[in-house]
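To keep things clear, I will list the structure first and then write my remarks on it.
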Amino acid sequence: MHPLLSKTAIALVVSALAQGFAQAALFAVDPGPYLPANGSFAAWYQDTHGRTLDLCLSKAVSSRVPSAPGAPTYMCNLLPTPGVFDDAQPIVFPTNFPDEAFWFTVDGTIVDAARGIDLAYGSAIEAAFAAEEPIDGDQVSFARVRIRVDVPIAGTYVITHPYGVDVFNVDTPGRRAINMTRDIGIGTPKTYDGALKGDVGPFLRSVNGPYTETNPVTGQAETFIGDPNLEEAVTGSPFNTNFLRIEGPGGLDLRTTVFAVSGKLSSVIRPTPMIPQRSTYSRHAGDSAPVAQQDVFVMAPPPPATVTLDSNNPVLNLREANTTGNWYAQSSTNPSLPGTLQVTADNHLAIPTSTPTTLPMPLTDLVVIQRAEYSLSTGQITVVASTSDETSPPVLTATSGTGAAIGALSGDGAVKTLATGISPIPPAKVRVTSSNGGSDTEEVVIVQ
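FYI, in mature numbering (1 follows the signal peptide of the UniProt record, and there is no 0) the residues of the sequence shown are -24 to -1, 1 to 424.
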């Protein structure tokens, strides 16, 4: 239940994450109050694609895979634990409650006996207890990515999965030579927002789902994003890597595109998630009038959802290309400043209960720092930056990364410069801010 990184893998795994291969894509979590029926855990998590999953405690079973005596094919990952949780008895907290439960799970394997490869991959949003037994006040949740691989020879292995890329340098081959568990989000008991910062999300889902089954306890129909008793093709990866792949020494290159997925769709009504990413303008002189361009980027559920720039005349539809939920639109309207755009995301075609979300997005110029250099010999810092507004260049002002004032940049055009003394310590970073709202931050290059 706690993070574990194999010693040989740590440096390369951290490097891969630092390069941006991992991206959190959960949007919201149940704020409470937290009820005993859910073990006082959060009732649900919502991802950026708009799907909301309940803590999966249903005893509904698969209609596609028959159950066997003592081995029901649950649609949730209900894991019996002797002396702690008996799945044949009613779920009651804390006397008969799973020591581990899940809002979401995905599992995949690659086995090639001839090449000595046995890979097990799992990701989850998990509910657990600090002391590993159901005790009120010990509840925690986290986002988990786990990779375990038997490999026959030493070397560098690259594993690509739906939520990123991890690189492992194996010195000692053999069973579980690669053994990584990355749990993100464990915090103060009964605090569940830490998992939002993890590597897991949006929720993968079967391309054949959703599936509807009847809960034998309540008699109610419930809907699931996958069947954990089946391995199926999935969709939903934030990187469009809906597969599991291992590359390694000797030209090793194996992959699978099928996974076992669990997750119960919630009946809670939630607004369509939308995350503004950028809204900038640029303009320059034309033959008879300024030539302008507005660029708008948001993250929202992929089609059949729609995203519109309502403040444009006429209303402009944003575009999405690869089901990752990254939307973009460009307008040629010359803006009046200061300006605020209105953008609406609507996901009701995918999730009928989803309500539209409209958000304001401040329209700013695009500032780019072209040079940020400090001379140790002279104690001078030189900053060169540009604004995308060439027709009415705004004031550009430099500050240190900690917010200390450095000074205003000068120049008549869109490119402006500042050279001034700072001593005795140079700033690690410099930030240039425009009076029209744009900004850029860069690390300072130190020269002799």
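Here a beta-carbon is modelled for each residue, glycine too, at the ideal position from N, C-alpha and C. Source: prediction; values computed, not measured.
Figure out for me which residue from the options has the closest Cα to the Cα of residue i.
i	options	result
G414	A381, A395, G387, T363	T363
E418	I345, K392, I382	I345
D416	E366, T256, V125, A209	T256
I354	G383, M337, P402	At residue 354 the sequence reads Thr, which differs from the Ile that was named. Of G383, M337, P402, the residue nearest in Cα terms is P402.
G389	I327, A361, L2, G92	A361
K405	A374, T190, P128	A374
Q196	W303, G26, A36	A36
T24	F17, V143, P252, T188	P252
V267	D365, S182, W303	D365
N288	P336, A64, E296	P336
T188	M51, N218, D322	M51
T132	L342, V146, I382	V146
G59	N72, N53, A47	N72
Would you mind reading off the limits of the beta strand (DSSP E) that contains residue i?
i	result
Q318	315 to 322
N145	140 to 146
I129	Element bounds for I129: n/a, residue is neither H nor E.
L352	Counting along the chain, L352 falls outside any beta strand (DSSP E), and DSSP gives it neither H nor E.
F200	197 to 200
A302	The question names Ala, but residue 302 in the sequence shown is Asn. N302 -> beta strand (DSSP E) spans 302 to 307.
Are there 16 or more other CB atoms within 10 angstroms of the CB of residue i, so buried, or fewer, so exposed?
i	result
V421	exposed
S243	exposed
D62	exposed
P369	buried
P178	buried
Q270	buried
F(-4)	Caution applies to F(-4), whose pLDDT of 41 falls short of 50 and renders its modelled position unreliable; the value that the coordinates give is listed next. With 16 or more Cβ atoms within 10 Å of its Cβ, F(-4) is classed as buried.
Q22	buried
R151	exposed
T378	exposed
L11	exposed
T409	buried
L54	buried
Does the distance from the CB of residue i to the CB of residue j come in under 9 Å?
i	j	result
A130	T148	yes
L95	L230	yes
F215	T300	yes
G161	V116	yes
E109	D159	no
V274	V319	yes
L317	A281	no
T49	S38	yes
V265	T233	Inspection of the sequence shows that residue 265 is occupied by Ala rather than by Val. Result no, Cβ atoms of A265 and T233 do not sit closer than 9 Å.
C32	F80	yes
Q356	I398	yes
Inter-stretch contact at 8 Å, needing at least 3 Cβ pairs: the stretch 5 to 18 / the stretch 160 to 172: yes
Contact the stretch 252 to 263 vs the stretch 172 to 187: 3+ CB pairs below 8 Å: no
Stretch-stretch touch, CB-based, cutoff 8 Å, three pairs: the stretch 232 to 239 with the stretch 201 to 209: yes
Segment contact flag, the stretch 208 to 223 with the stretch 307 to 314, C-beta cutoff 8 Å, min 3 pairs: no
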